[in-house]
Amino acid sequence: MKATPEKIIREEIRALSAYHIPDSCGLVKLDAMENPYGLPEAMRGEIARLAESAALNRYPDPSAGLLKARLRQAMDIPAQADVLLGNGSDEIIQILALAVARPGAVIMGVEPSFVMFRMIAAFAGVRFVGVPLGEDFALDPGAMAEAIRLHQPALIFLAYPNNPTGNLFDRAEVSRIIETAPGLVVVDEAYHAFAGQSFMPMLGRYANLLVMRTLSKLGLAGLRLGLVAGGREWLRELDKLRLPYNVNVLTQVLAEAVLAQGDELGRQAEAIKVERSRLLDELRRTPKVKVFVSDANFILFRTPKADRVFQGLKERRVLIKNLNGTHPQLGDCLRVTVGTPGENDIFLAALRKSIHA
Ligand SMILES: *Cc1c(COP(=O)(O)O)cnc(C)c1O
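Numbering (this note's numbering), first residue to last: 188 to 544.
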């Protein structure tokens, strides 16, 4: 008998469609929540010197001690919490899903939210339950309480602020979820730099809380570095699933150096927040556009015939994210990442032309 994917590859994997990353060549790229600013000249010189002398013939430091100490300081991680690093926070989501993947286990999230929660649960063979968000993408406390009671999830993911909606959930409602959950609750703070709200200080209060961060949205998406902070008894177990050298030599050395040189990325985040509020104002004044609040570095908005508007933007060399058709609550919704002032002006002009075309 000939081996075929149908016989060999798990059904739930064959049923997935691969995470699609569109070609952005030659376009103003406002689709992936990247920081549009490069690093300053002096810092790039320092990076070149560090790369030159990095021991690429050696395996990386498996504990990444220096980098962890720097991250603790930069992210105000409580001293009693432990830290585990990942090759991006996506890898940490995968470690978490693998760790809880016993038969019958449930991973829970809200929807619409970050699609990798559901996808990675499928990779690990764990059932994912997505609880619909309420009006204006707020948490629906009744639905959450009922779903938790019914499904007893081993793990709950909450993105705070949420992607792709951009809003922060009500703090008290998130706390209630942590208090009533029978398992772990992971608060994913990928957009923390733009939100000014965090559950990091709550690690001492809740033993079943883990807080996840990443350097990607802050400005180092290409380096791939994420982390999870939380109780030692949890991270000790998760660490067994981490591949020994998951954070490479260059990422360790360069992330440490960038964080050591003051808060350049923090200043860039502040500039992005200023542009976010200008972009929000401009979008609110654009006819036929409904804008949702944002505490992140992107803005969700709804406009009639969103597919056509998305194509119109692309023809005008602007790439954003089309969410129409990805979830019932995201009908005619588009998501734009906040760029530089110049990029945002190009986007706004192209949007207005595309809507009126
Ligand atoms: C972008 C994003 C991530 C992934 O970040 P990486 O560290 O680049 O893997 C995780 N969670 C949310 C909610 C995101 O939007």
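No residue lacks a Cβ here, since even glycine has one placed at the ideal position from N, Cα and C.
None of these values were measured; they are calculated from a predicted model.
Distance between L371 and L396, taken at the CA atoms: about 6 Å.
Put simply, of I459, A341, D519 the residue whose alpha carbon is nearest the alpha carbon of P528 is I459. Here the region 297-316 does not lie against the region 433-450, with fewer than 3 beta-carbon pairs under 8 Å apart. Per the CB criterion, closer than 5 Å to any heavy atom of ligand 1, the qualifying residues run in chain order as G275, S276, D277, F301, A346, N350, D375, A377, T401, S403, G413. Note: A346 is bridge-paired with D375 in the DSSP secondary-structure output. In the assembly as shown, I195 is an exposed residue. Its beta-carbon has fewer than 16 other beta-carbons within 10 Å.
Shown here for L535: same chain residues with a beta carbon closer than 6 Å to its own, the five before and five after excluded, namely E469 in chain order. Per DSSP, reduced to three states, the secondary structure at L326 is coil, with no helix or strand assignment.
Partner residues in the beta bridge of M399, as assigned by DSSP, are D375, V415. DSSP places R201 within a helical segment (H, G or I) once states are collapsed to three. For the pair P265 and L517, the CB atoms are not nearer than the 9 Å cut-off. Closest option to H543, judged by alpha-carbon separation, among G512, G499, L506, T524: G499.
Rounded to whole angstroms, the Cβ separation of M387 and A334 is 26 Å, and the two are not in contact under 8 Å. Here Y206 is exposed, its C-beta having fewer than 16 other C-beta atoms within 10 Å.
When the alpha-carbon of L425 is set against those of G273, R314, N531, the nearest one is in G273.
Residue state for R472 is assigned as coil, using DSSP reduced to three classes.
Residues of the same chain with a CB within less than 7 Å of the CB of D494, apart from the 5 flanking positions on each side, are N509, N511 in chain order. Boundaries around G273 are those of the beta strand (DSSP E), 269-273, since no alpha helix (DSSP H) includes it. Distance from the CA of E193 to the CA of V313, rounded to the nearest whole angstrom, comes to 20 Å.
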